[in-house]
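S.K.: Before I ask anything, here is the structure I am working with.
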Amino acid sequence: MTTTVEKPESPQTGSGAPTVASRIRDWAQQRPDSVVMREKDYGVWQEKSWSQLWDEILTASHGLLALGVDARDVVSIHSEDRPEWVILDIAAVAIRAITTGLYPTNPTAEVEYLVNDSGAKVHLAEDQEQVDKVLEVDRSRFPNLKTILYVEPRGVGSYDDDRLMFWNDFMELGRRHRVEHPGAVEARMAEAEATDVMTLVYTSGTTGPPKGAMLTNANAEYCMEHLINADDRLAGNEKPTPDDQILTYLPLCHVAERIFSTWTLASNGTVLNFAESIETVQHNLAEIQPTLFFAVPRIWEKIHATVVIKLSDATWAKRQVGKVCMKMASAIGKARVASGGRHTLASRLLYAIGNPLYFRALKERIGLRRCRWAASGAAPIAPEVLEFFMGLGIPVYELYGMTENAAVATCNFDGRVKLGTVGEPYPGIGFRIDEETGEVQTKHPGVFVGYWNKPEKTAETFTEDGWLKTGDVAEWVDGTHVKIVDRMKDIIIGSGGKNISPSEIENSLKTSPFIKEAMIVGDRRKFITALIGIELDTVGDWATRRGIPYTTYRDLSEKPEVIELVQGIINQTNDKFSRVEGIKKFRMIPKELDHEDGELTATQKLKRSAMTDMFGDLVESMY
Amino acid sequence: MRGRPNLYVSYEAEQSLLPTWTQRIAATLVVLVLVLIPLGGGLEVGESSFRPLGFLADADWLKILTQVGIFAVAALGLNILTGVAGQVSLGHAFFMAIGAYTAAVLGGEVGAEGFFGPRWGMGLPIWIWLPAAGIIAALIGMLVAPTAVRVRGLYLAFVTLGLVFIGEWAYRTFVSITGGSQSGREFPGFEIRLWKEETPLLDLTRDGPSWLVVNWVDWLLGPWINFPDEMSEEAKTFLFVLILAVVFVVLAKNLQRTRIGRSFMAIRDRDIAAEIMGVGDAKAKLQAFAISSFYAGVAGALFAAFVGRLIPESFNLFLSVQVLAMILIGGAGTVAGTLLGSSFVILLPRLVRDFSSWLTETVEEGSGVLAWVGDFFVSTGQDDWGLVSTASGLTPGLSVAQLNAVLYGALIIVFLIFEPLGLYGIWIRIRNYWKGWPFTY
Numbered sequence: 188m189t190t191t192v193e194k195p196e197s198p199q200t201g202s203g204a205p206t207v208a209s210r211i212r213d214w215a216q217q218r219p220d221s222v223v224m225r226e227k228d229y230g231v232w233q234e235k236s237w238s239q240l241w242d243e244i245l246t247a248s249h250g251l252l253a254l255g256v257d258a259r260d261v262v263s264i265h266s267e268d269r270p271e272w273v274i275l276d277i278a279a280v281a282i283r284a285i286t287t288g289l290y291p292t293n294p295t296a297e298v299e300y301l302v303n304d305s306g307a308k309v310h311l312a313e314d315q316e317q318v319d320k321v322l323e324v325d326r327s328r329f330p331n332l333k334t335i336l337y338v339e340p341r342g343v344g345s346y347d348d349d350r351l352m353f354w355n356d357f358m359e360l361g362r363r364h365r366v367e368h369p370g371a372v373e374a375r376m377a378e379a380e381a382t383d384v385m386t387l388v389y390t391s392g393t394t395g396p397p398k399g400a401m402l403t404n405a406n407a408e409y410c411m412e413h414l415i416n417a418d419d420r421l422a423g424n425e426k427p428t429p430d431d432q433i434l435t436y437l438p439l440c441h442v443a444e445r446i447f448s449t450w451t452l453a454s455n456g457t458v459l460n461f462a463e464s465i466e467t468v469q470h471n472l473a474e475i476q477p478t479l480f481f482a483v484p485r486i487w488e489k490i491h492a493t494v495v496i497k498l499s500d501a502t503w504a505k506r507q508v509g510k511v512c513m514k515m516a517s518a519i520g521k522a523r524v525a526s527g528g529r530h531t532l533a534s535r536l537l538y539a540i541g542n543p544l545y546f547r548a549l550k551e552r553i554g555l556r557r558c559r560w561a562a563s564g565a566a567p568i569a570p571e572v573l574e575f576f577m578g579l580g581i582p583v584y585e586l587y588g589m590t591e592n593a594a595v596a597t598c599n600f601d602g603r604v605k606l607g608t609v610g611e612p613y614p615g616i617g618f619r620i621d622e623e624t625g626e627v628q629t630k631h632p633g634v635f636v637g638y639w640n641k642p643e644k645t646a647e648t649f650t651e652d653g654w655l656k657t658g659d660v661a662e663w664v665d666g667t668h669v670k671i672v673d674r675m676k677d678i679i680i681g682s683g684g685k686n687i688s689p690s691e692i693e694n695s696l697k698t699s700p701f702i703k704e705a706m707i708v709g710d711r712r713k714f715i716t717a718l719i720g721i722e723l724d725t726v727g728d729w730a731t732r733r734g735i736p737y738t739t740y741r742d743l744s745e746k747p748e749v750i751e752l753v754q755g756i757i758n759q760t761n762d763k764f765s766r767v768e769g770i771k772k773f774r775m776i777p778k779e780l781d782h783e784d785g786e787l788t789a790t791q792k793l794k795r796s797a798m799t800d801m802f803g804d805l806v807e808s809m810y
Numbered sequence: 083m084r085g086r087p088n089l090y091v092s093y094e095a096e097q098s099l100l101p102t103w104t105q106r107i108a109a110t111l112v113v114l115v116l117v118l119i120p121l122g123g124g125l126e127v128g129e130s131s132f133r134p135l136g137f138l139a140d141a142d143w144l145k146i147l148t149q150v151g152i153f154a155v156a157a158l159g160l161n162i163l164t165g166v167a168g169q170v171s172l173g174h175a176f177f178m179a180i181g182a183y184t185a186a187v188l189g190g191e192v193g194a195e196g197f198f199g200p201r202w203g204m205g206l207p208i209w210i211w212l213p214a215a216g217i218i219a220a221l222i223g224m225l226v227a228p229t230a231v232r233v234r235g236l237y238l239a240f241v242t243l244g245l246v247f248i249g250e251w252a253y254r255t256f257v258s259i260t261g262g263s264q265s266g267r268e269f270p271g272f273e274i275r276l277w278k279e280e281t282p283l284l285d286l287t288r289d290g291p292s293w294l295v296v297n298w299v300d301w302l303l304g305p306w307i308n309f310p311d312e313m314s315e316e317a318k319t320f321l322f323v324l325i326l327a328v329v330f331v332v333l334a335k336n337l338q339r340t341r342i343g344r345s346f347m348a349i350r351d352r353d354i355a356a357e358i359m360g361v362g363d364a365k366a367k368l369q370a371f372a373i374s375s376f377y378a379g380v381a382g383a384l385f386a387a388f389v390g391r392l393i394p395e396s397f398n399l400f401l402s403v404q405v406l407a408m409i410l411i412g413g414a415g416t417v418a419g420t421l422l423g424s425s426f427v428i429l430l431p432r433l434v435r436d437f438s439s440w441l442t443e444t445v446e447e448g449s450g451v452l453a454w455v456g457d458f459f460v461s462t463g464q465d466d467w468g469l470v471s472t473a474s475g476l477t478p479g480l481s482v483a484q485l486n487a488v489l490y491g492a493l494i495i496v497f498l499i500f501e502p503l504g505l506y507g508i509w510i511r512i513r514n515y516w517k518g519w520p521f522t523y
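Going down the list, the sequences are from chains L and G. Quick note: the first sequence uses the numbering used here, first residue 188, plus one each step. Quick note: the second sequence uses the numbering used here, first residue 83, plus one each step.
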């Protein structure tokens, strides 16, 4: 795992600016036979080499040319993570077209909006489910859409729509075009400009319809240089290498997964392993044992909950050993938190005993034994969870960024970790916290060029002196680290006039394995209340063990025993906060929240406005 | 990729016989130790003489180990039929007899006279009679197979039980083959000839110079290790059987990952469901009986050749039950379990005998706590109550042979009730305990 491979030099032929496509081409020339992708299919991880990957990308590029896709045309992709996602993405960039991704959970109405807003000419719909979402809408309402590609033919074969095209036929089209027009794609690549828009990343839109943030080749290059290859990001100031394994499982249309899989692959040649689905992530993790692992807090909380539950379910002897070893882990965690993530002599000694006996096996079970860099981002995470993983020897670095600045903002660097903060700004970038509003603002070449077809929204996002307004309120900690307070519009002004950050309280609640969702209410109210959603698996298990019968999620939520359980967790949380921040009352959310019903965004964030509409009477019943 | 045992990038890797280095090293060590046992009489490493597991090189222990090897082959065969394909058979002794008598006819002395008149013998070499023993048994097995398509479970057990009794009648009737009831006949020995020449190429039935191979290894390792120049009859036979057993173990293990082996398991788990999925019921059962009988035939021939002279009553129901016990105690359906089971069943009587006599000696010497405790178990004279008696004459308690029978029965009951996966199941549970560490599931 220490092999260092020279980063391929960006080509300077013609005006061809470096793009993700040109970087992948260079890797393919340098390491044609090395494995770059694995996808689990028919029970085994099928491998793909760099030369195969590049060959397929070229063919797909030719296919897009054959379909009449021109520079600045948009290709939309509506699929789970799979090699075709990456191939089509890079293929579009190679011919100077623009890629945009849709979340697999996007319902029909959103698909219609996103395809039309981006003006996509070619749309990839993974399977019958996604194809249906397009076909349900009358074709006259998709003025630009010419072709719908599909990868999984099952169920689609009988559809009669001249826009449909099977992936293999598309590749065949590309192969023929490649024979007839050799060098057409290479010619396009040579014309690439740094200012070309390469992708539209739609922001999840907790308010209003999603907006497509335009990221250019230059933005991507800046991100690769300053984020992916930032000094001291990985322990020992190492950089990602072709030996590094990445598990791709978060939606690739999100900027974070794009950076940590596709762009890291393009810039540092790491290997991508596609998880079968979001449900199998924990299983796939154990198989792949990735070396670099980025996850959202929800995943970290889930892994944490799994460990806690499984340890308490272990047989007697294992449980006793577990108690002792987890005490050691928590001591190590505390010591490392106190010293910026570094080991102290005492923690190193404890770790030297605990690791071979216990932590190593535990990490192997959860798939993080070989993990040399793990990170959490995209939403705030509770410090307790980070401390837990640090104690096991998996330092999880919290970082912060947003689509509009190509995620280049702040990061906890190795050895300088401060829990509860999102770390320090990357060296050399323009970063400031507005003194009046406390808003984080950035200005650097990674900042996007604007929202697609929405100049007035773009203008709103920038200050008069050209800084990007992130909409997040933050404060400095010790003058070096940044602590995000909350989204500007979410901050609650409590009865005493004190500013309260709801997400901090919510995350503290969510560290309990029993609580999946929490929403704090209290803006301009007399006191703070909460809506609580339980985690069906763990609470169900808890209830079964106590012989409490239940039928549905709602039934389980409303059991007096469960309410008592939640009350206990809330009391514990209240102890951690000041009196005004204490939760006085709570109600149980009677259903599991999801994207389709509009309570969550595609990235599983709470849509507060929708929640208030939906459960308004529940909220009112508490006041 | 290294260090990721659950990451399979090809079916070959997922299905490999020895997927991890630990398993590869362990298997190599086991074979190495087994090979070194008969050579252990006097290995010279440098200046010092070295006896790995020295006592096992004694003639009587080598004989027991050889028997383990032969019965392992027989049990592997029954395991394929009963453990893998799920067809309960009590007729294994019958197929072993077929093998033994095929060997006797093909390899036996020409024109030998017996108690009941002349006995057939064609004097053919071992490379003909040993495979032929398997093939003829397999053919007979294929004749029986169709009944298994008709009847299942207990009924099949009874049908195959019938074979043993048909066999008993046949052994008494065809005296020119079997030598007749209570009389028996000689079987060809382990003499390797090209054809019918006078002096065999290799004679395993006599003490004498080491084998060619051993000599070659000796020459290769000459400067460091000295193998004995002379080898006993038992050592040679043991090595010969060991080689055959290893071959059959590899074949049996490999069978389980082939299309045929998987069809066996499908039939075992649910024959109707298997047929719906395109696994031919009749075909799979035919193959299972054929392969299983082939193993039985070879094992029968080896057993007969090893013992030298057998009466037909040796191939009775008890032999069938004994082989069945091996796979049940070891763990039905697994090769490792079958090997454990056959070792256990063959070694048990010897261990019980040695233990009883050691205990008796201790008690008779009569000192220490051990003697005091042992006295409760061993009866040393007419007035001394005990569970086991090694003294001669009318003493209370069981004789060693009786104790063996009791233990044997008790073990089968205990295993069937408490550990249906056998000795191998115990191992699996230990392994899973640590595999899941620190979780339980």
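For each residue, glycine too, the CB sits at the ideal point set by N, CA and C.
Comparing the C-beta of Gly509 of chain L with each C-beta of chain G, is any distance below 8 Å?
M.R.: yes
S.K.: Taking C-alpha atoms, which residue in L:Val222, L:Trp487, L:Leu787 and L:Val483 lies nearest to Met577 of chain L?
M.R.: The option with the nearest alpha carbon to Met577 of chain L is L:Trp487.
S.K.: Candidates L:Glu623, L:Asn686, L:Gly684 and L:Met706: which alpha carbon is nearest Glu693 of chain L's?
M.R.: L:Met706
S.K.: Under 8 Å, Cβ to Cβ, is there at least one residue of chain G near Thr502 of chain L?
M.R.: Closer than 8 Å to some Cβ of chain G, the Cβ of Thr502 of chain L qualifies, so yes.
S.K.: Sort G:Ala407, G:Val470, G:Leu493 and G:Thr148 by Cα distance to Ile325 of chain G and report the nearest one.
M.R.: Closest in C-alpha terms to Ile325 of chain G, from the list G:Ala407, G:Val470, G:Leu493 and G:Thr148, comes G:Thr148.
S.K.: Distance check for Gln484 of chain G and Ala364 of chain G, CA to CA, integer angstroms please.
M.R.: 43 Å
S.K.: For Asn486 of chain G, collect the residues of the same chain with a Cβ closer than 6 Å to its Cβ; drop the 5 residues on either side in sequence, then sort them by chain order.
M.R.: Pro431 and Val434
S.K.: Can you look up Glu574 of chain L in the DSSP assignment and give me helix, strand or coil?
M.R.: helix
S.K.: Would you kindly work out how many angstroms separate the C-alpha atoms of Thr760 of chain L and Arg559 of chain L, rounded to a whole number?
M.R.: 32 Å
S.K.: Just to confirm the assignment: which complete beta strand (DSSP E) runs, minimum length 3, are found wholly within the segment 221 to 267 of chain L?
M.R.: Runs of the beta strand (DSSP E) lying entirely within the segment 221 to 267 of chain L and spanning at least 3 residues, in chain order: 222 to 228, 231 to 236 and 261 to 265.
S.K.: Step through the CB atoms of chain G and report whether any lies within less than 8 Å of the CB of Arg225 of chain L.
M.R.: yes
S.K.: In angstroms, rounded to a whole number, what distance separates the CA positions of Val361 of chain G and Ile342 of chain G?
M.R.: 9 Å
S.K.: Which runs of the alpha helix (DSSP H) at least 4 residues long sit entirely within the segment 664 to 743 of chain L? Give them in chain order.
M.R.: Qualifying alpha helix (DSSP H) stretches, in chain order: 689 to 697 and 723 to 732.
S.K.: Output needed for Ser695 of chain L: all residues of its chain with C-beta closer than 7 Å, excluding positions within five of it in sequence on either side, in chain order.
M.R.: Ala569, Thr760 and Lys763
S.K.: Kindly list, in the order they appear in chain G, the residues whose Cβ is closer than 7 Å to that of Arg557 of chain L.
M.R.: Gly85
S.K.: Give the straight-line distance between the Cα atoms of Glu474 of chain L and Pro87 of chain G, rounded to the nearest whole angstrom.
M.R.: 7 Å
S.K.: Using the C-alpha atoms, what's the distance from Lys497 of chain L back to Glu271 of chain L?
M.R.: Going by C-alpha positions, Glu271 of chain L is about 36 Å away from Lys497 of chain L.
S.K.: Let me know the alpha helix (DSSP H) ranges lying completely inside the segment 310 to 394 of chain L, each 4 residues or longer, listed in chain order.
M.R.: 315 to 322, 354 to 367 and 371 to 378
S.K.: Using beta carbons (cut-off 8 Å, strictly below), is Thr189 of chain L in contact with chain G?
M.R.: For Thr189 of chain L, the predicted model reports a pLDDT of 43, less than 50, meaning its position is unreliable; a value from the coordinates is still stated below. Answer no: the Cβ-Cβ gap between Thr189 of chain L and chain G never drops below 8 Å.
S.K.: In chain order, what residues of the same chain have a beta carbon less than 6 Å from the beta carbon of Val488 of chain G, not counting five sequence neighbours either side?
M.R.: Spatial neighbours of Val488 of chain G in its own chain (CB-CB distance under 6 Å, excluding positions within 5 residues in sequence) are not present.
S.K.: Going by Cα to Cα distance, which pick from L:Ile770, L:Asp781 and L:Asp784 is closest to Val806 of chain L?
M.R.: L:Ile770
S.K.: Compute the Euclidean distance between the alpha carbons of Lys644 of chain L and Thr657 of chain L, then round it to the nearest angstrom.
M.R.: Those two C-alpha atoms are separated by around 13 Å.
S.K.: Consider the Cβ of Leu498 of chain L: report whether some Cβ of chain G lies at a distance smaller than 8 Å.
M.R.: At least one CB of chain G lies nearer than 8 Å to the CB of Leu498 of chain L.
S.K.: To the nearest angstrom, how far is the alpha carbon of Leu469 of chain G from that of Val508 of chain L?
M.R.: 42 Å
S.K.: Sort L:Leu251, L:Asp268 and L:Val298 by Cα distance to Ala284 of chain L and report the nearest one.
M.R.: L:Leu251
S.K.: Quick one: measure Cβ to Cβ for Pro777 of chain L and Ser744 of chain L, integer angstroms, because I've assumed they're closer than 8 Å.
M.R.: 6 Å
S.K.: Give me the residue from L:Leu555, L:Cys440 and L:Glu444 with the minimum Cα distance to Gln476 of chain L.
M.R.: L:Leu555
S.K.: Taking Cβ to Cβ, would you say Leu99 of chain G is nearer than 8 Å to Lys335 of chain G?
M.R.: In this structure, Lys335 of chain G lies closer than 8 Å to Leu99 of chain G by Cβ.
S.K.: Go to Trp639 of chain L, then tell me how far its alpha helix (DSSP H) extends in each direction, as first and last residue.
M.R.: Premise fails: Trp639 of chain L is in no alpha helix (DSSP H) and is neither H nor E.
S.K.: Buried or exposed for His491 of chain L, please, with buried defined as at least 16 other CB atoms from any protein chain shown within 10 angstroms of its CB.
M.R.: Counting Cβ neighbours within 10 Å, His491 of chain L comes out buried, since at least 16 surround it.
S.K.: Could you give the distance in angstroms between the alpha-carbon of Gly235 of chain G and the alpha-carbon of Gln169 of chain G?
M.R.: Between Gly235 of chain G and Gln169 of chain G, the C-alpha separation is close to 7 Å.
S.K.: Please decide whether Asn88 of chain G counts as near chain L, where near means a Cβ-Cβ distance under 8 Å.
M.R.: yes
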